Amino acid sequence: MANQVCSGAIISCPFGSAPSTLTVLPTSMVNTSNMPAATIMDYTPLVNIMSFGTCSSPSNPTVAAATSAAMGVLTPMPCVPATVSPWSPGVSDVCIGKLTALDDSSTCNCMWGGSISITFAGQVQTTAS
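Numbering follows this note's numbering, with no gaps: position 58 of the sequence shown is 71.
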């Protein structure tokens with residue numbers, strides 16, 4: 014069974030140097046384990062999805078430029094998440110307000126090639142299935 018994701022969940026990107034934390038704004042006024050419950054629409058860069066430290070994706074223009082300047086040696090640069098679409102798939106039969114609930118098996122894609130995953134849902138008391 015998948016766990017309902019809430020604010021404080023630990024997320025990771027394969028191109029990032031460190032895990033990050035999902036931030037869920039309390040706009041829906043729905044909590045799970047006393048934290049704001051997440052939906053698939055909680056994907057806004059630097060609002061919901063914070064930096065993963067440094068980025069090592071060759072598709073990232075800043076990494077590509079730094080790598081080129083270093084004569085082809087991969088040079089990680091500060092991560093600025095570039096998520097442009099919601100988490101997928103979510104839990105289609107569980108809604109928070111009118112939005113699909115987010116569970117810990119969902120992923121979110123970064124424009125630079127990373128597939129962001131949920132390492133820890135932020136709580137373990139509420140399942141979403």
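All residues carry an ideal CB built from backbone N, CA and C; glycine is no exception.
All values reported here derive from a predicted model rather than from experimental measurement.
Beta-bridge annotation (DSSP): S101 is paired with T120. By the beta-carbon neighbour count (other beta carbons within 10 angstroms, threshold 16), P49 is buried. In this structure, P94 sits near I62, with a CB-CB distance shorter than 8 Å. With respect to the C-alpha of A114, the residue from L38, M54, N47 and S46 having the closest C-alpha is M54.
Distance from the CA atom of G126 to the CA atom of W100, rounded to whole angstroms, is 15 Å. Where S81 is concerned, the enclosing alpha helix (DSSP H) starts and stops at P74 to A82. Looking at the backbone, the Cα of C123 and that of A77 are separated by about 16 Å. DSSP links T113 through a beta bridge to C108. In the three-state DSSP reduction, L59 falls in the coil class, being neither helix nor strand. Counting along the chain, the unbroken beta strand (DSSP E) around F133 starts and ends at S128 to F133.
Taking C-beta atoms under 8 Å as the contact rule, V37 and S25 fail to qualify, at a distance of about 17 Å. With a cutoff of 8 Å on beta-carbon distance, Y56 and C108 are scored as not near each other. For N47, the secondary structure class from DSSP, reduced to helix, strand or coil, is coil.
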